[in-house]
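Encoded as structure tokens, the structure appears first; notes follow it.
Protein chains: 2
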Amino acid sequence: MANTPITVAHGDGIGPEIMAATLHILKEAGARLDIEEIEIGRKVYLAGNSAGIAPESWNSLRRTKVFLKAPITTPQGGGFSSLNVAVRKTLGLYANIRPCVSYHPFVQTKHPTMDVVIVRENEEDVYAGIEYRQTDQVEECLKLSSRPGSEKIVRYAFEYAKKFNRKKVTCFIKDNIMKRTDGLFHKIFDAIAPEYPEIEADDRIVDIGAAKLADTPENFDVIVMPNLYGDVLSDVAAQIAGSVGLAGSSNIGEQVAMFEAIHGSAPRRAGQNLANPSGLFLGAILMLVHINQPDAATLAHNAWLRTIEDGVHTFDIFKEGVSREKVGTKEFAKAVVARLGQKPETLKTVEYKPDADGAASDAKPIYSSPQRQKKDLVGVDVFLDWFNGKFYGAANELGALVEAVGGDGLKLQTIANRGVKVYPNGLPDTFTVDHWRCRFVDESQEGNAVSHTQIITLLQRFDEAGLDVIKTENLYNFDGAKGYSG
Amino acid sequence: MANTPITVAHGDGIGPEIMAATLHILKEAGARLDIEEIEIGRKVYLAGNSAGIAPESWNSLRRTKVFLKAPITTPQGGGFSSLNVAVRKTLGLYANIRPCVSYHPFVQTKHPTMDVVIVRENEEDVYAGIEYRQTDQVEECLKLSSRPGSEKIVRYAFEYAKKFNRKKVTCFIKDNIMKRTDGLFHKIFDAIAPEYPEIEADDRIVDIGAAKLADTPENFDVIVMPNLYGDVLSDVAAQIAGSVGLAGSSNIGEQVAMFEAIHGSAPRRAGQNLANPSGLFLGAILMLVHINQPDAATLAHNAWLRTIEDGVHTFDIFKEGVSREKVGTKEFAKAVVARLGQKPETLKTVEYKPDADGAASDAKPIYSSPQRQKKDLVGVDVFLDWFNGKFYGAANELGALVEAVGGDGLKLQTIANRGVKVYPNGLPDTFTVDHWRCRFVDESQEGNAVSHTQIITLLQRFDEAGLDVIKTENLYNFDGAKGYSG
């Protein structure tokens with residue numbers, strides 16, 4: 071079989087040592103790799119590349135489409151941005167996959183039978199990083215959730231479950247509150263799940279789900295979630311498994327995929343043959359399965375499990391009474407190589423399957439582009455910066471001012487402050503800040519369509535009245551159904 | 071001393087039984103209460119009150135300002151909204167406090183020395199519930215964070231720590247990503263903390279913080295956080311403490327405060343003298359401290375701890391070998407009353423202090439209204455719904471169309487899609503959806519001020535060009551500092 075080209079970066083700190091150990095095991099396990107090396111991290115940052123990667127390195131990533139990355143050190147001081155964010159955004163790595171496994175009784179954990187995979191959406195949600203301060207008192211961040219983005223991640227979670235013999239996919243959302251954004255994610259989960267009848271599908275509200283995950287993680291298998299929940303709960307899962315130093319992860323895009331350890335570059339441990347290469351190694355196992363070399367992945371992973379079981383441990387997981395031999399980075403890799411062909415006796419043996427022939431051509435599209443729904447403009451929320459010095463009981467004064475700018479077919483319906491209706495008929499107990507949402511609809515109040523021109527002239531009247539418009543949000547119906555919250 | 075008027079609601083399911091048990095203990099412990107009863111829950115919903123509370127009941131809450139609430143049952147079917155949300159929003163209950171305590175070895179937990187209090191902001195963040203669908207593919211939710219709202223909750227956390235003899239307050243935020251919204255919360259935490267030199271203050275990024283909380287909760291004391299993180303992590307903390315059935319909570323407003331159990335009404339257990347009243351009882355202890363009856367609170371709480379220690383347990387926490395006597399709701403309350411005056415021997419004794427004389431008049435304001443900063447309008451982000459059928463490489467086509475609507479002193483600076491810059495000089499690898507942000511600034515590109523009129527005429531040109539504007543976000547500087555993300 072032909073070799074698969076991959077791009078490798080040795081990184082900073084303990085990076086070069088754990089990468090050498092990982093590549094050594096892979097080679098001995100028969101992985102068929104053509105390695106292109108690129109430089110990333112500290113030196114590259116200091117040479118003036120703000121994201122820690124040189125422009126020419128992108129070409130290697132685009133060519134090989136597979137990136138095995140060691141941890142890096144971001145230099146202290148301003149002006150340096152995250153390499154991972156740059157790679158993720160530039161190459162559209164929409165899925166972050168983090169298996170969190172307990173290796174009880176060989177590695178300490180309160181959750182001995184845990185084996186959870188977190189599949190985190192990686193591009194959307196509040197992480198789009200779109201924020202505004204438009205009044206003295208209020209900051210705003212946009213949370214975005216797209217249909218194709220949600221489809222991509224949900225589909226990936228089920229495909230991952232299928233490929234890695236997983237039995238169940240659970241969706242974590244907060245759609246009792248965020249009915250539209252998280253509701254979209256949930257709806258798409260429910261639509262895609264039936265295409266995988268062999269995999270159980272269920273869902274949890276993220277608060278209860280997180281509580282159960284933290285307490286009894288053995289009841290979960292694969293969990294798919296929006297970006298923020300995934301960020302928090304993938305850290306929770308890795309920590310309670312006891313495997314932060316032992317966990318690998320992948321970042322998957324439509325074209326390119328990146329594989330790494332979840333830990334950092336640990337500069338204080340560098341150059342001493344101390345570091346545990348297991349996190350990066352397990353990232354590399356995900357890579358071998360991704361590039362359809364399940365034979366090498368199975369061989370290497372089982373040998374690694376046997377090594378852990380045999381108590382051959384680096385300092386970070388060494389424990390008197392459990393471990394048998396304290397080894398360095400190189401010796402650990404040698405111990406794994408010496409066990410190639412062996413399987414674990416207590417821990418679960420792995421066996422990866424090759425991709426089915428023609429899988430690529432049979433594969434379902436990872437997102438759809440269905441007929442666009444009919445969209446009708448039915449109103450506008452005009453947001454104002456307005457403050458009369460009062461935190462209570464100010465709404466009626468503003469209400470009178472805003473009523474007066476209605477006209478040309480548009481009428482004020484309500485004013486709300488931080489999502490609470492305060493006009494008309496607001497309550498004196500409601501605390502208000504200087505950020506007001508004024509909802510205008512067709513004066514018939516029957517949901518008739520309005521025009522962009524009507525909205526623009528409304529904004530002119532606001533301006534003439536000396537009211538400080540800071541933002542607008544148009545109100546739409548889609549195929550006749552309301553597309554905005556109450 | 072005069073009695074304190076409070077409003078009591080007996081609720082649904084097990085509510086009436088656990089309320090009776092709680093009030094019995096409070097009375098015997100010498101609590102000085104004048105009780106006004108109101109009805110909430112199932113019957114009130116079905117009588118046509120959509121939030122499960124009758125209009126006249128609000129008057130009682132406003133009069134007594136103290137609400138001891140049993141759990142309720144929300145009827146199945148549509149049209150019923152959350153009573154808690156209604157009370158919280160209407161009365162401005164900005165702080166949710168949830169102590170999560172382990173009672174090891176008397177109640178099972180993996181975290182025997184845990185004693186954490188989660189202080190959750192209760193009004194802002196994505197829970198303002200402001201959502202829009204404005205394109206076929208994208209849903210949006212606004213996350214709002216206000217200075218007075220953040221001040222209120224942070225100040226409350228420190229005041230709580232002071233009152234309850236706590237040593238440390240930790241702030242959980244994600245301000246490496248949400249630099250403005252979570253950054254504001256963090257900044258206010260840092261500003262208020264030095265006013266409490268006797269209390270240690272630190273902060274964690276919420277992902278790492280959550281992981282540490284789930285793994286080693288004994289390292290935390292009071293944790294204050296924005297609404298969403300607090301929602302998720304207060305459930306995590308209660309669950310891993312083993313105390314979901316034993317935890318009370320308070321919801322605090324500037325005027326009114328509400329005290330309750332964190333569990334539900336458990337209709338299947340109702341009317342059988344089975345339910346554990348401890349959650350509501352511990353909510354009532356928070357209430358007694360709130361209304362400055364620390365003597366009764368101390369007496370009752372210590373007797374309760376001693377009862378738990380003595381192995382007098384209701385069915386939900388009864389465990390062979392640990393518990394000694396399985397009792398019903400009434401018998402549990404009698405057992406607590408019989409121990410009034412006793413203290414726990416293994417568990418930690420509590421001792422509540424009276425409010426200092428004149429505390430009310432010396433108290434710092436819970437939020438400030440400083441001089442408003444100078445605000446300059448320097449541009450606008452115009453968001454478009456636009457789709458040419460392509461998910462890759464569409465930006466240049468749109469760029470040409472949008473460049474053409476510039477003029478009258480405004481110039482297109484960048485176009486971004488889901489927070490990633492795609493024009494000019496976008497990358498072909500970037501996946502784009504039908505939701506585009508077009509940033510216009512003064513044509514000098516030097517950050518000069520622009521006018522509302524310029525923005526309105528820009529919107530007119532968008533409309534004339536047939537480009538579908540769905541929302542706008544104005545760009546401002548405050549005292550010369552940029553008030554928007556890149």
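In order, the protein sequence lines correspond to chains A and B.
Quick note: the first sequence uses my numbering, first residue 71, plus one each step.
Quick note: the second sequence uses my numbering, first residue 71, plus one each step.
Even for Gly, the Cβ is constructed at its ideal location relative to N, Cα and C.
Nearest residue (CA-CA) to residue i, options the options
i: leucine 528/A; options: Tyr164/A, Asn518/A and Cys508/A; result: Cys508/A
i: arginine 619/B; options: Gly381/B, Ser320/B and Phe532/B; result: Look at the range of chain B in this structure, 71 to 556, and you will see that residue 619/B is not part of it.
i: glutamate 401/A; options: Ala91/A, Ala79/A and Tyr266/A; result: Ala91/A
i: aspartate 305/A; options: Gln325/B, Leu283/B, Gly323/B and Leu103/B; result: Leu283/B
i: asparagine 129/B; options: Glu516/A, Ser555/A and Asp499/A; result: Asp499/A
i: aspartate 386/A; options: Thr377/A, Gly398/A and Arg376/A; result: Gly398/A
i: threonine 179/A; options: Ser313/A, Glu193/A, Val276/A and Ile525/A; result: Ser313/A
i: lysine 159/B; options: Ile275/B, Ser348/B and Ala121/B; result: Ala121/B
i: leucine 316/B; options: Asn346/B, Asp291/B, Val186/B and Asn154/B; result: Asn346/B
i: threonine 134/B; options: Val114/B, Asn192/B, Pro75/B and Gly85/B; result: Pro75/B
i: glycine 279/B; options: Gly300/B, Asn154/B and Leu375/B; result: Gly300/B
i: proline 440/B; options: Gly459/A, Val157/A and Arg203/A; result: Gly459/A
i: isoleucine 293/A; options: Asn154/A, Ile526/A and Asn166/A; result: Asn166/A
i: glycine 496/A; options: Glu467/A, Asp272/A and Gln204/A; result: Glu467/A
i: valine 511/A; options: Ala156/A, Phe351/A and Val452/A; result: Val452/A
Buried or exposed by the 16-neighbour rule on C-beta atoms within 10 Å, applied to residue i
i: lysine 418/A; result: exposed
i: serine 514/A; result: exposed
i: tyrosine 173/A; result: buried
i: glycine 297/B; result: Checking the sequence shown, residue 297/B turns out to be asparagine, not glycine. Looking at its Cβ environment, which holds 16 or more other Cβ atoms inside 10 Å, asparagine 297/B is buried.
i: serine 438/A; result: exposed
i: asparagine 544/B; result: buried
i: threonine 523/A; result: exposed
i: leucine 163/B; result: buried
i: leucine 116/B; result: exposed
i: proline 141/B; result: buried
8 Å CB neighbourhood of residue i in its chain, flanking five on each side removed
i: phenylalanine 461/B; result: Phe501, Thr502 and Val503
i: tyrosine 546/B; result: Lys445, Asp446, Leu447, Val448, Gly553 and Tyr554
i: lysine 249/A; result: Ser555
i: aspartate 206/B; result: Asp455, Phe457 and Asp504
i: alanine 311/B; result: Cys170, Val171, Ser172, Thr179, His181, Met184, Val186, Pro287 and Ala317
Within-7 Å CB hit, residue i to chain A
i: tyrosine 554/B; result: yes
i: cysteine 241/B; result: no
i: tyrosine 493/B; result: no
i: serine 216/B; result: yes
i: asparagine 544/B; result: yes
i: phenylalanine 150/B; result: no
Close-in-space but distant-in-sequence residues of the same chain around residue i (CB under 6 Å, 5 per side omitted)
i: histidine 371/A; result: Ile355 and Val420
i: valine 78/A; result: Ile105, Glu107 and Leu138
i: phenylalanine 548/B; result: Gln443 and Lys445
i: valine 472/B; result: Leu482 and Cys508
i: lysine 222/A; result: Tyr164, Ile436 and Tyr437
i: arginine 531/B; result: Val475
i: glycine 463/A; result: Pro498
Three-state secondary structure (DSSP) of residue i
i: histidine 522/B; result: helix
i: glutamate 229/B; result: helix
i: aspartate 245/A; result: coil
i: glutamine 530/B; result: helix
i: serine 320/B; result: strand
i: alanine 429/B; result: Because alanine 429/B sits at a pLDDT of 48, beneath the cut-off of 50, its placement in the model cannot be relied upon, and the point is left open.
i: alanine 263/B; result: helix
i: threonine 134/A; result: helix
Residue-level contact to chain B via CB, residue i, 7 Å cutoff
i: asparagine 102/A; result: Correcting the residue identity first, residue 102/A is arginine in this sequence and not asparagine. It does not: the Cβ of arginine 102/A has no partner Cβ on chain B nearer than 7 Å.
i: leucine 356/A; result: no
i: arginine 442/A; result: yes
Residues of its chain near residue i, where Cβ-Cβ distance is below 7 Å and the 5 sequence neighbours each way are ignored
i: leucine 131/B; result: Thr77, Phe137, Leu161 and Val326
i: valine 224/B; result: Ile258, Phe259, Ile262 and Val294
i: tyrosine 202/A; result: Glu210
Contact set between the segment 163-176 of chain B and chain E, restricted to residues whose Cβ is under 8 Å from the partner: Here the protein chains are A and B, and chain E is not one of them.
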